[in-house]
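Numbering (our numbering), first residue to last: 25 to 566.
Right, dumping it as structure tokens:
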């Protein structure tokens, strides 16, 4: 932890962005919280912009740092302070993001990895077909998640003793065109070898080119052998990205991760996996789907523009001389047909799908209410709740994140198009909630002092989170819910929610919880449970 704090402190002082050859510390500006974020960077001694260079993105494990991770991937161990001259001269750019410390590689962590890649590509000439991904421990799990959610970015991936996030199993087929290498210690007490073997077999079963290497008598420090002598670079060097495959397999349960190569989903139910297996042979596109209601084909990215299309065995008539760059298909009443326009009205879609955690995975502000002429003590209490929600650190862990807490009066200067808002209170105590009252689906009664309600809803193209009554983390210590273990209860707990939750007294007495439907309407059972309390007003929409 001290190594990470020292590394971050040095970086945030402000280092010149004219990077020397060898190992360096660089920064990029994050608009999520208006901060400069550090990353470790290796630049080959012979770098020149006259040609494109391969890039390796390496993700550190829990309790480590980008600087230590850069040393590890070069096979230099983890002793601090290795001078740049100790690094072997390899013809690869290598970048290791901070990812805010130990928050993992979902949400903001994922955005930071992509931002580091974008920054390196802005400053250096990168070969887009030779971008590789690796990681150790939690970074290994993060690498696996990034590869499965964004498979068309990478040429190959290699993971060491990966702590794999839950829920990725159904995405295995997404790696159809990705060579994968697993490296694992036989006696690892943190990541059992059987668990990593199972992932290797899962990939093989899905037709993925997967390799598995197990190191006899080695525990969780498998990276000391896996990266020894820089051999991982030799393994990466065998592969280039398949940019325009003839076949694409894709499974997704979010719009955020619903595209790969030339296939993009345009109709799914967030939180429920949808899949498609699409193949172009001799100009004929055949697509088999499951749980999917719409998709698009980017003709510019296909190996050859399709001249005929069949979906789930049914031939779809195409207009003669179709030249559109994108072909869309929609399932209506169980029948696939060309999509000429999307569904009208309020719909879930990219940037407006939930769940609650999605709202705080982007730029956002925490807003407490000042309405109702509160006494000084009450105003302080309201602000303290918002401050607690904005504080993501727990114990000795200090994620490199800082979010603003403002009053509802101050928040009028924040355009919603620029940020999501986390609003605390009710329409009578927070004038920002009052301003959106007719557009929001749920309102907690001011008299429901022993209830807690929190939900996310799209307003003007951005997320609004409303937290009324008891804070959403009340009695979180009385229940076991999912979430990153090393962060504070408000953030950890929010990650375990769907789109909404209503409880009484605390999280050990949940009355209704779940996801809004694809039209952002409350499910019938949840609506009935809320009405039965007499504490929640449900806004009816036509």
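All C-beta atoms in this analysis are idealised placements derived from N, C-alpha and C, irrespective of residue type, glycine included.
> CA-CA distance, residue 82 and residue 437?
Replying inline: So the alpha carbons of these two residues sit roughly 39 Å apart.
> Which residues share a DSSP beta bridge with residue 516?
Replying inline: Listed as beta-bridge partners of residue 516 by DSSP are no residues whatsoever.
>> For chain C, check one thing: does any of its Cβ atoms lie closer than 8 Å to the Cβ of residue 355?
In response: Any reference to chain C falls outside this structure, which holds one protein chain only.
>> Checking the sheet assignment: what are the DSSP bridge partners for residue 48?
In response: Paired residues: 65.
> Given residue 19, which residues of its chain have a CB within under 6 Å of its CB, disregarding the five upstream and five downstream residues?
Replying inline: Because residue 19 is not part of the residues shown, which for the chain are 25 to 566, the question remains open.
> Excluding five sequence neighbours on each side, which residues of the same chain lie with their C-beta closer than 8 Å to the C-beta of residue 55?
Replying inline: For residue 55, where only same-chain residues beyond five positions count, the Cβ hits under 8 Å are 387.
>> Here's the rule: buried if 16 or more other CB atoms are within 10 angstroms of the residue's CB, otherwise exposed. What is residue 76?
In response: Looking at its Cβ environment, which holds fewer than 16 other Cβ atoms inside 10 Å, residue 76 is exposed.
> Roughly how far, in whole angstroms, is the beta-carbon of residue 302 from the beta-carbon of residue 287, given that I think they are within contact range, below 8 Å?
Replying inline: Contact flag correct, Cβ pair sits at about 5 Å.
>> Which runs of the alpha helix (DSSP H) at least 4 residues long sit entirely within the region 297 to 383? Give them in chain order.
In response: Those alpha helix (DSSP H) runs which fall completely within the region 297 to 383 and span 4+ residues are 380 to 383.
> Helix, strand or coil: how does DSSP classify residue 55 here?
Replying inline: Coil at residue 55, not helix or strand.
> What did DSSP end up calling residue 489 once you bin it into helix, strand or coil?
Replying inline: Here residue 489 sits in strand by DSSP.
>> For the beta strand (DSSP E) containing residue 183, name the first residue and the last one.
In response: Here the beta strand (DSSP E) through residue 183 covers 180 to 184.
> Leaving out the 5 sequence neighbours to the left and right, which residues in its chain are closer than 8 Å to residue 213 when beta-carbon positions are compared?
Replying inline: 243, 244, listed in sequence order.
> If you draw a straight line from the alpha carbon of residue 222 to that of residue 166, how long is it in whole angstroms?
Replying inline: Residue 222 and residue 166 have their C-alpha atoms some 17 Å from each other.
> Should the region 151 to 160 be called in touch with the region 401 to 411, which here means at least 3 C-beta pairs below 8 Å?
Replying inline: Contact check between the region 151 to 160 and the region 401 to 411: fewer than three CB pairs, one atom from each, fall below 8 Å, which does not count as touching.
> Is residue 567 helix, strand or coil by DSSP?
Replying inline: No information on residue 567 is available, as it lies outside the stretch 25 to 566 that the chain covers here.
> Got a sec? Which residues, its chain only, sit under 6 Å from residue 173 by beta carbon, not counting five neighbours each side?
Replying inline: Correct list, in chain order: 281.
> Tell me which same chain residues have a C-beta within less than 6 Å of the C-beta of residue 494, skipping the five on either side of it?
Replying inline: Around residue 494: 476.
> Leaving out the 5 sequence neighbours to the left and right, which residues in its chain are closer than 8 Å to residue 351 when beta-carbon positions are compared?
Replying inline: Beyond the five residues adjoining it in sequence on each side, residue 351 comes within less than 8 Å, by CB distance, of 320, 321, 323, 330, 333, 342, 362 in the same chain, given in chain order.
> My guess is that residue 425 and residue 518 are in contact by the Cβ rule of under 8 Å, so how many angstroms apart are they, rounded?
Replying inline: 14 Å between Cβ atoms; not a contact.
>> What does the alpha-carbon distance come out to for the pair residue 474 and residue 178?
In response: Rounded to whole angstroms, residue 474 to residue 178 spans 50 Å at the Cα level.
>> Measuring only the C-alpha atoms, how far is residue 264 from residue 92?
In response: If I take the Cα positions, the gap works out to 27 Å.
> Roughly how many whole angstroms lie between the Cα atoms of residue 260 and residue 550?
Replying inline: Rounded to whole angstroms, residue 260 to residue 550 spans 50 Å at the Cα level.
> Can you tell which of 450, 45, 471, 527 has the C-alpha that lies nearest to the C-alpha of residue 110?
Replying inline: Taking each of 450, 45, 471, 527 in turn and checking the Cα distance to residue 110, the smallest one comes out for 45.
> Would you call residue 502 buried or exposed, if buried means 16 or more other Cβ atoms sit within 10 Å of its Cβ?
Replying inline: Its Cβ having fewer than 16 others within 10 Å, residue 502 is exposed.
>> Which of the three DSSP states is assigned to residue 434 in this structure?
In response: Per DSSP, reduced to three states, the secondary structure at residue 434 is helical.
>> Looking at the secondary structure, which residues open and close the alpha helix (DSSP H) in which residue 90 lies?
In response: The continuous alpha helix (DSSP H) containing residue 90 extends over residues 90 to 97.
> Do you know offhand how far residue 308's Cα is from residue 192's?
Replying inline: Using only the alpha carbons, I get a separation of about 31 Å.
> Are the beta-carbon atoms belonging to residue 526 and residue 560 less than 8 Å from one another?
Replying inline: Result yes, Cβ atoms of residue 526 and residue 560 sit closer than 8 Å.
> Are the region 538 to 555 and the region 443 to 451 touching, with three or more C-beta to C-beta distances below 8 Å?
Replying inline: Three or more beta-carbon pairs separated by less than 8 Å are not found between the region 538 to 555 and the region 443 to 451, which leaves the two stretches without contact.
>> I'd like the span of the alpha helix (DSSP H) that includes residue 403, first residue to last.
In response: 400 to 414 is the extent of the alpha helix (DSSP H) around residue 403.
> First and last residue of the beta strand (DSSP E) that includes residue 538?
Replying inline: 534 to 538 is the span of the beta strand (DSSP E), which, as asked, contains residue 538.
>> Whole angstroms are fine: how far does the CA of residue 318 sit from the CA of residue 357?
In response: Their Cα atoms are separated by approximately 12 Å.
>> Would residue 480 and residue 440 be called neighbours here (beta carbons separated by less than 8 Å)?
In response: Taking 8 Å as the Cβ cut-off, residue 480 and residue 440 do not qualify as a contacting pair.
> What is the residue span of the alpha helix (DSSP H) that residue 143 lies within?
Replying inline: Annotation for residue 143: the continuous alpha helix (DSSP H) segment containing it runs 132 to 147.
>> Helix, strand or coil for residue 275? Go by DSSP, reduced to three states.
In response: In this structure, DSSP gives residue 275 an extended state, which the three-state scheme calls strand.
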